[in-house]
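First to last, the sequence lines map onto chains D and P. Just so it is clear: in the first sequence, position 63 is 63 by the working numbering, and no numbers are missing. Adding 308 to a residue's 1-based position in the second sequence gives its number in the working numbering. The beta-carbon is built from N, C-alpha and C at its ideal position, and this holds for glycine as well.
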Amino acid sequence: MTIAAANRRLPASERLRRSLSNGRVTAALVLLPPALILFSLFVMLPLGESAYYSFFNWNGYGTPTEFVGLENFERIAGHSIFHKAVGNTLKIVAVSLFLQMPLALLLALLIHRKTPTNAVFRLIFFLPYILAEVAAGLIWSFVFDGNYGITASIAGFFGADSFFILADREWAFAAVMTVIVWKYFGFHMMIYIAALQSVPEDQIEAARIEGAKRLQIVRYVQIPHIKPAIIVSAFFAIIGALQVFDVIIPLTNGGPSNQTHTIVTYLYTFGLTRLNIGFGSAVGVILFIAAITVALFYQRIFTRGKQA
Amino acid sequence: MKHAIAAFAALIGAAGVQAANAQTVINVLRVAVNDEQEAYFEQIAQAFEAEHEGVDISFEYIANEAYKSKLPTLLQSDARPDIFYSWGGQTLMEQAEAGFLQPISDLLPEGFAETMPEAGLQAYSVDDVLYGLPQYPTEVVFWTNTALTEQAGIDIGSIKSWEDFLAAVQTLRDAGITPIIAGGQDKWPLHFYWSYLALREGGPDAVAKAMAGEDGGFENAAFIEAGKEFQRLTEMEPFQPGFMGTTYETASGMFADGEGAFHLMGDWDYLPMRERSTNGEGLPDEQLAIISFPAISDPVAPGGETATLGGINGWAVSNSAEPEAVEFLAFMLNAENQREGGRQELFIPIVKGAGDALENPFFAKVAEHIGNSSYHQIFLDQFLGASVGATVNDASADLAQGATTPEDAAAQIQEAWDFR
């Protein structure tokens, strides 16, 4: 800190000479290019390209020639299924924040202590997260199957007519969200467990001696301590919600009647599989802007909170 | 085996015996097929290689959906196949217009084109230039479980009109039998209903006119009536419970398990449905029948009652293919190989006169239907191109669930057509 401050007072030529002599610039010159080249080639260039394609009506064959201006964006804005997809994505955000994270926190509080039993439970709760998304989606599509699935057995046990939740326009997305919560709560739980284990034991003990009840310890000691972990896990939950794709494709493929799309499955279905590459690129641009906005705002709001 | 050949070739090359003889490799890309079909193609490839020294045929298979999304990129790369599977229609037209295909008329053996029916060649021509060849036609029919229809007291021979069919559906329902099995999750099985009804309502040139933007395009009365008739059916709840969560594969297995009386599906389902049934055998031939999609008694435009819906599936030749590729294509599709395909019950041969090898009664009947057809409409979801086709599928699924009106469905398709 002090060296940097001292450096700032020096003339520019002197600063350059010093940084060259201490090897930092050389290190940057040697170490930066591989990452920079890869990043430019595989992230920046495609980004720029899709921004370019988004102004064309292009089916992916040859080079784009039919310039349509902002028509792709207008069509997206007026497309009822896109509205549905955005709504669904927001629903996943809400469920992640208000159902999945509290559930994960509750479980983490129950099993964060290092005991053999807890280790077993941790493994069980973490298993869904280890499973590949596509496999999880397929497994659940069998679970929800009204003819042969567990749903059918349960309905049969109670003597009720079987139900087909994945074929129901109103309820299919609830099923999708159930799978998402089941799939990812273990991940958030692990973040909390790691954080909870670093809460100083003496503070908890002190609180207990002072007569604090279990809930009060959680409320006033443990949660304040793991706040950074909660902020990170919320960030993952939001960004993750913007990316949900591989669970949905095997589960409902966006159906019935395009009722269970997220922004990404919408992009894939209406942009890629239908070979509307221009249209798909426009969706990609919108998604990119959304993700960047979330990331920037999130960082700004919460990192500022930390500095104060 | 391949490795062995490669090693052997390398050995010869090293010995300098045949060093000057460069290999011509012909890459053929196809949507994944079952083992019998792969064996069939492999046999043809070997026969061709035996006759043509220095030519190596390599077949590659990709799953259906992946094939469709991968092909555009592949065609623009250096790894493009020489010959690739095609459904014809708008997609072929787009590929031709983008310059990825090769005119093949002049490369075909003398008199070869004459062995093919005119409609088949038309399906692989864009502006009268031939870019590929058809291999087999398919037809969408009502596969019928006669044990169930008899149980309900239905004489399937008397189902001629749409009204007769709706009545049969009602009779089946009253008898407590699921009238129709449908793979609604995949949507395209439902688009068969809408397409057939539009064909019956609007006559053979309804689709061509709509594509040309005549008579209101896809918002023409024929398409709206088709939606209405389809909803008359779906309002009777004819499908198995949860049909929107059933894939084509599951539906096909359910039908073979005897869970419903009808299944509107292509002739190609004959063997696969057996493989997908619970016991692996499905329904015996005596318990199976096929009936043509019924006629509409007072259509919007005449002439649609004997039209058929299905595919004319075949192959397109890419712009970088060597002349040997076209030679191989003609070899693969010669009368002898076509007859063999029919004999093995793999497909219905398209080459004139090769249909005599069809021993399978169902395939023979389909071949007869197609032969007598006034117009063979290629599946709309292929014919209209990827984007509009998928919109037709969406609209059909929405209609089936009562989630849209016939008018809105037609407007949605027209909009997709305008912005294709």
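Quick one: does residue i have its CB under 9 Å from some CB of chain P?
{"i": "threonine 273 of chain D", "result": "yes"}
{"i": "glutamate 71 of chain D", "result": "yes"}
{"i": "glycine 60 of chain D", "result": "yes"}
{"i": "proline 64 of chain D", "result": "no"}
{"i": "leucine 166 of chain D", "result": "yes"}
{"i": "methionine 1 of chain D", "result": "Per-residue confidence for methionine 1 of chain D stands at a pLDDT of 45, beneath the threshold of 50, marking its modelled position as unreliable; the derived number appears in the next sentence. It does not; no Cβ of chain P falls within 9 Å."}
{"i": "phenylalanine 338 of chain D", "result": "The displayed coordinates of chain D run from 1 to 308. Any statement about residue 338 of chain D would go beyond what the structure contains."}
{"i": "serine 40 of chain D", "result": "no"}
{"i": "aspartate 145 of chain D", "result": "yes"}
{"i": "glycine 23 of chain D", "result": "no"}
{"i": "asparagine 276 of chain D", "result": "yes"}
Quick one: what's residue i bridged to in DSSP?
{"i": "arginine 338 of chain P", "result": "P/Tyr369"}
{"i": "tyrosine 444 of chain P", "result": "P/Asn621"}
{"i": "phenylalanine 392 of chain P", "result": "P/Leu337 and P/Ala624"}
{"i": "valine 434 of chain P", "result": "P/Val437"}
{"i": "threonine 399 of chain P", "result": "Paired residues: none, contrary to the question."}
{"i": "phenylalanine 56 of chain D", "result": "D/Phe67"}
{"i": "threonine 713 of chain P", "result": "Its beta-bridge partners do not exist; DSSP assigns none."}
Is residue i close to chain D? Criterion is C-beta to C-beta, closer than 9 Å.
{"i": "glutamine 709 of chain P", "result": "yes"}
{"i": "serine 377 of chain P", "result": "yes"}
{"i": "alanine 717 of chain P", "result": "no"}
{"i": "threonine 713 of chain P", "result": "no"}
{"i": "glutamine 410 of chain P", "result": "no"}
{"i": "proline 487 of chain P", "result": "no"}
{"i": "alanine 406 of chain P", "result": "yes"}
{"i": "phenylalanine 551 of chain P", "result": "yes"}
{"i": "phenylalanine 727 of chain P", "result": "yes"}
{"i": "leucine 383 of chain P", "result": "yes"}
{"i": "glutamate 545 of chain P", "result": "no"}
{"i": "glutamate 373 of chain P", "result": "yes"}
{"i": "glycine 693 of chain P", "result": "yes"}
{"i": "aspartate 435 of chain P", "result": "no"}
{"i": "alanine 323 of chain P", "result": "Because alanine 323 of chain P carries a pLDDT of 45, less than 50, the predicted location of this residue cannot be relied on, and the following value inherits that uncertainty. No, no contact with chain D."}
{"i": "alanine 698 of chain P", "result": "yes"}
{"i": "lysine 495 of chain P", "result": "yes"}
{"i": "aspartate 513 of chain P", "result": "no"}
{"i": "glutamine 722 of chain P", "result": "no"}
In this structure, how does DSSP classify residue i when only helix, strand and coil are distinguished?
{"i": "leucine 692 of chain P", "result": "coil"}
{"i": "phenylalanine 67 of chain D", "result": "strand"}
{"i": "histidine 684 of chain P", "result": "strand"}
{"i": "histidine 571 of chain P", "result": "strand"}
{"i": "phenylalanine 184 of chain D", "result": "A small fix is needed here, since residue 184 of chain D is tyrosine in this sequence, not phenylalanine. DSSP places tyrosine 184 of chain D in helix when its eight states are reduced to three."}
{"i": "leucine 666 of chain P", "result": "coil"}
{"i": "glutamate 364 of chain P", "result": "Reading off the sequence shown, one finds aspartate at residue 364 of chain P, where the question assumed glutamate. Reduced to three states, the DSSP call for aspartate 364 of chain P is strand."}
{"i": "isoleucine 599 of chain P", "result": "strand"}
{"i": "phenylalanine 547 of chain P", "result": "strand"}
{"i": "glycine 324 of chain P", "result": "Any reading at glycine 324 of chain P must be qualified, since the residue scores a pLDDT of 43, below 50, and its modelled position is unreliable; the value itself is stated next. Coil, per DSSP."}
{"i": "phenylalanine 655 of chain P", "result": "coil"}
{"i": "leucine 131 of chain D", "result": "coil"}
{"i": "leucine 591 of chain P", "result": "coil"}
{"i": "threonine 614 of chain P", "result": "coil"}
Given residue i, which residues of its chain have a CB within under 6 Å of its CB, disregarding the five upstream and five downstream residues?
{"i": "threonine 446 of chain P", "result": "Gly574, Asp575, Trp576, Gly618 and Gly619"}
{"i": "valine 448 of chain P", "result": "Phe500, Gly574, Leu617 and Gly618"}
{"i": "leucine 416 of chain P", "result": "Ala638"}
{"i": "histidine 188 of chain D", "result": "Met101, Ala104 and Ser233"}
{"i": "lysine 517 of chain P", "result": "Asp523"}
{"i": "alanine 688 of chain P", "result": "First, the residue type needs correcting, since residue 688 of chain P is leucine and not alanine in the sequence shown. Hits under 6 Å: Ser503 and Val700."}
{"i": "alanine 371 of chain P", "result": "Ala340"}
{"i": "alanine 643 of chain P", "result": "Val659 and Ala662"}
{"i": "leucine 480 of chain P", "result": "Ala460, Pro487 and Ala569"}
Can you find the residues in the same chain that come closer than 8 Å, C-beta to C-beta, to residue i, ignoring five residues on each side of it along the sequence?
{"i": "glutamate 350 of chain P", "result": "Phe367"}
{"i": "lysine 468 of chain P", "result": "Pro602 and Ala603"}
{"i": "alanine 421 of chain P", "result": "Ser413, Leu429 and Leu438"}
{"i": "glycine 137 of chain D", "result": "Val179, Asp246, Val247, Ile248, Ile249, Pro250 and Leu251"}
Using a Cβ-Cβ cut-off of 7 Å (strictly less than) and excluding sequence neighbours within five positions of residue i, which residues of its own chain qualify?
{"i": "tryptophan 140 of chain D", "result": "Val179 and Leu251"}
{"i": "leucine 97 of chain D", "result": "Ala234 and Ala237"}
{"i": "serine 695 of chain P", "result": "Ala724 and Arg728"}
Query raised in the report: Taking only runs of the alpha helix (DSSP H) that begin and end inside the region 86-122 of chain D, which ones reach a length of at least 4 residues, in chain order?
Result: Within the region 86-122 of chain D, the complete alpha helix (DSSP H) runs of at least 4 residues fall at 101-111.
Report task. Scan the region 195-219 of chain D and note each continuous alpha helix (DSSP H) run of 4 residues or more that stays entirely inside, going in chain order. Result -> List check, alpha helix (DSSP H) in window: 201-209 and 214-217.
Query raised in the report: Which parts of the region 255-293 of chain D are runs of the beta strand (DSSP E), unbroken and 3 residues or longer, counting only runs that do not cross its ends?
Result: DSSP assignment within the region 255-293 of chain D yields no whole beta strand (DSSP E) run of 3 residues or more.
Query raised in the report: Fully enclosed by the region 437-516 of chain P, which beta strand (DSSP E) runs are 3 residues long or longer?
Result: Runs found: 440-453.
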